[in-house]
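Protein chains in written order, with our numbering: chain A, 12 to 413; chain B, 538 to 723. We put the beta carbon where it would ideally sit given N, CA and C, even for glycine. Remember, predicted model here, so these are calculated numbers, not experimental data.
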Amino acid sequence: MAQHHVPSLSDTKTTLDGLGGRVFAVSAAVGVLGLAATLVLGLAEGDGLRRFGYSYLVNYAFFLSISLGALFFVPIQYVTKASWSIVVRRLAEVMAAALPVMAVLAVPVILLASQVYGWAEPAARSDPLLAHKAAYLSPLWFTVRWVIYFALWTWLAVTFWRRSVAQDTSGDLGITRKLENLSGFALLVYALTVAAAAFDLLMSVDFVWFSTMFGVYYFAGGLVAFYAVLTLVTMGLQNTGRLTRIVSAEHFHDYGKLMFAFTFFWGYIAFSQYMLYWYANIPEETYWYLARSREGWGKLGLVILFAAFVLPFAGLISRYAKRNRPMLAFWAGWLVAAQWLNLYWVVMPDFSARFVFGAMDVTAFLGVGGVWLATVTRLAMGASLVPVRDPRLGDSLRFENA
Amino acid sequence: MAANRDAGRVYGLLTEFESPSALVAAVRQVRDAGFRHWDVHTPFPIHGMDEAMGIRGTRLPFLILGGGITGLGLATLMQWWMNAVDYPFAISGKPLFGLPANIPVMFELTVLFSAFAAFFGMWGLNGMPKLYHPLFTSRRFRRATQDRFFIVIEARDPQFDAGRTREFLASLGGSVVEAVGESAED
């Protein structure tokens, strides 16, 4: 209403300028050094890069899930004609637009398939349990599928990002309309490809086990991580004097709601998956959870139950927590760590029946994460951090939770 | 100060505004004057009104939390009693009380009792159902659902004084100050 001071874009800084160059240089250096260190450590292991392959897979899947979370967020804003999110939508657009670089980072996963994926080991070819899946789980078809996923994701991510940036100068309302028309179809493509990609990337590490819920499990966890990273990135930018005032406690309140909602959604999905196997008690299904409840993995599973669900659920439930900046930052950082642990717990028990954690897991995190952040920063440097001529920008600046 | 002859029978004083912006400015003054039993009536929600009125957070979330914990406890207790104590019956080799099997019902009853607490708690805190309200006696007040904005200060407010409060309301810039009776005969 008129009695409130509505912030305007001139109240704050909306470009990265010098900061972008510095963040890009540091994160690119960390990324390259991290990947190099991981490779050196992996070669020193003398196991044909098997340990390297697993460490890399965990961290690759983690950062991929954040970009995929962004690729979900952007079309959702268009399909619902949301206005609250316009001031922060560009941040999600660039995170999604990093997907072509994630395609390049997928190469080691494909090259090392025979070290990581049970079905790609030559010895598994004669396994009767693989016989009826062999046509699908073949190295060639696996590679072709990744090409298809990344072709579709790149097309969507780049379309939403480029058109939105183009609108900054043209102010063309037709762009908003075109993207709204595309958004429904984009979400359909997204749902099918992300579910299939989750089967390929993580579930097929063990070719015997299967869960129809697994695609949603990966998607839900990735979305939690994405909202948490978006919160931290927004706060980080504000700490350098960018996006101040125009992104208010009202927007952070919505971040908090989304983190809370998807934390619960993830917990719901994770439990639904677990309970059906627990109840049916069929050996070729339960052994997956059995392997993850022994030799240290069970303790990690309990940690994840509390870290990724119980504690953030209690911590984020109140309106106060969602609008309190330090508290929200704490839970955002916490959830990033919790979702990383979850992927570690999903992948690593197939590498070792006994709990393991090593320097390679840290260097691979820094390596993939550094390249990811450098890419996102580079993309964000080319344009304003806010879609300045989006028709709903005014509503977003005025936004208040009722 | 001599007690007003009508103090027991007057519900309160209302004043009328024609625009939300005039209303909000006046609302801030009423808040700052320290009144406690008063309210604002508008044809549509006005953003920033809670802040202008100085309304503190509702207690409802705590009621809902209580409802949720009650539902969770009840569901756990019920399933434990029925499956493990009163009629123990082993199904497919599962423990008589195995937590995973009971979680869906624990979840459902938590949600159900939270929803009950939210719905009925909202009624209770708002004093509903209420079929009669003294403001219904004012013809002028009917336009609160159309195109007029009202501030009402109740007579039970500790600061209320028929004369001075009337002067105070008149000073806020509304078009009129009207006394509202407790009942239609007044």
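Give me the residue from the options with the minimum Cα distance to residue i.
i: Y288/A; options: L301/A, F276/A and G278/A; result: L301/A
i: D58/A; options: V115/A, S125/A and I87/A; result: S125/A
i: L339/A; options: D183/A, A348/A, V347/A and L327/A; result: L327/A
i: A40/A; options: L248/A, S407/A, F230/A and T386/A; result: T386/A
i: Y201/A; options: A177/A, Y229/A, G182/A and A394/A; result: Y229/A
i: Y238/A; options: K268/A, A48/A, R174/A and S259/A; result: K268/A
i: V547/B; options: S712/B, G661/B and T674/B; result: T674/B
i: R253/A; options: V43/A, V98/A, G195/A and A55/A; result: V98/A
i: A103/A; options: L322/A, A162/A, V17/A and F84/A; result: F84/A
i: V244/A; options: F225/A, V379/A and A343/A; result: A343/A
i: Y266/A; options: S96/A, A55/A and L44/A; result: S96/A
i: W575/B; options: P582/B, H584/B, R565/B and F656/B; result: R565/B
i: E132/A; options: H143/A, V118/A, P119/A and L148/A; result: L148/A
i: N639/B; options: L609/B, P671/B, S556/B and M586/B; result: L609/B
Please confirm whether residue i has its beta-carbon closer than 8 Å to some beta-carbon of chain B.
i: M224/A; result: no
i: E411/A; result: yes
i: S329/A; result: yes
i: W286/A; result: The identity of residue 286/A in the sequence shown is Met, whereas the question assumes Trp. For M286/A, the answer is yes, since a Cβ of chain B falls inside 8 Å of its Cβ.
i: N292/A; result: yes
i: F317/A; result: no
i: T180/A; result: no
i: F263/A; result: no
i: F282/A; result: yes
i: P342/A; result: The sequence as given places Trp at residue 342/A; Pro does not occur at that position. Cβ-Cβ to chain B under 8 Å: no for W342/A.
i: W289/A; result: yes
i: Q14/A; result: Since pLDDT at Q14/A reaches only 46, below the 50 mark, its modelled position is unreliable, and the value read off the structure follows with that caveat. So yes, Q14/A belongs to the interface.
Starting from residue i, follow the alpha helix (DSSP H) in both directions and report where the run begins and ends.
i: S183/A; result: Reading the sequence as shown, one finds Asp at residue 183/A and not Ser. D183/A -> no alpha helix (DSSP H), and no H or E assigned at all.
i: L550/B; result: Looking at the DSSP string, L550/B is not in any alpha helix (DSSP H); the run it does join, the beta strand (DSSP E), is V547 to F554.
i: I628/B; result: I628/B -> no alpha helix (DSSP H), and no H or E assigned at all.
i: F273/A; result: A260 to A291
i: Y331/A; result: R330 to R334
i: N70/A; result: R61 to V90
i: R596/B; result: No alpha helix (DSSP H) holds R596/B; DSSP gives it neither H nor E.
i: S94/A; result: That residue, S94/A, is in no alpha helix (DSSP H); it is neither H nor E in DSSP.
i: F376/A; result: A370 to M392
i: G405/A; result: L404 to R409
i: A707/B; result: A699 to A707
i: D639/B; result: The displayed chain sequence assigns Asn, not Asp, to residue 639/B. From DSSP, the alpha helix (DSSP H) with N639/B extends over L636 to L662.
i: M590/B; result: M586 to M590
How far does the beta strand (DSSP E) with residue i in it reach, from first residue to last?
i: G718/B; result: V714 to G718
i: D576/B; result: W575 to H578
Beta-carbon of residue i versus every beta-carbon of chain A: anything under 8 Å?
i: I640/B; result: yes
i: P598/B; result: yes
i: P637/B; result: yes
i: S720/B; result: no
i: H584/B; result: yes
i: S629/B; result: yes
Output needed for residue i: all residues of its chain with C-beta closer than 6 Å, excluding positions within five of it in sequence on either side, in chain order.
i: G31/A; result: T388 and M392
i: L636/B; result: none
i: F276/A; result: A231
i: S222/A; result: Q284
For residue i, list the residues DSSP reports as bridge partners.
i: R253/A; result: K24/A
i: W342/A; result: In DSSP, W342/A forms no bridge with anything.
i: R606/B; result: Before going further, note that residue 606/B is Ile rather than Arg in the sequence given. Answer is none; I606/B lacks a bridge partner.
i: E691/B; result: G549/B
i: F686/B; result: F554/B
Using a Cβ-Cβ cut-off of 8 Å (strictly less than) and excluding sequence neighbours within five positions of residue i, which residues of its own chain qualify?
i: G312/A; result: R303, S304 and W356
i: H264/A; result: R330, K333, R334 and N412
i: A570/B; result: Q696 and F705
i: A427/A; result: Residue 427/A lies beyond the stretch modelled for chain A, which goes from 12 to 413, so this question has no answer here.
i: L140/A; result: F218, V219 and E295
i: L396/A; result: T25, T26, L27, R101, L102, L248, R253 and L254
i: L316/A; result: none
i: A621/B; result: L633 and F634
Apart from the five residues on each side of it in sequence, which residues of its chain come closer than 7 Å, Cβ to Cβ, to residue i?
i: D406/A; result: S94
i: F366/A; result: E306, G307, W308 and L311
i: L190/A; result: Y89, F171 and R174
i: R400/A; result: Q178, D179 and G182
i: T255/A; result: T23 and Q249
i: G605/B; result: T647, F650 and S651
i: L184/A; result: P402
i: A539/B; result: At A539/B, the pLDDT of 41 sits below 50, so the modelled position is not reliable and the matter cannot be decided from this model.
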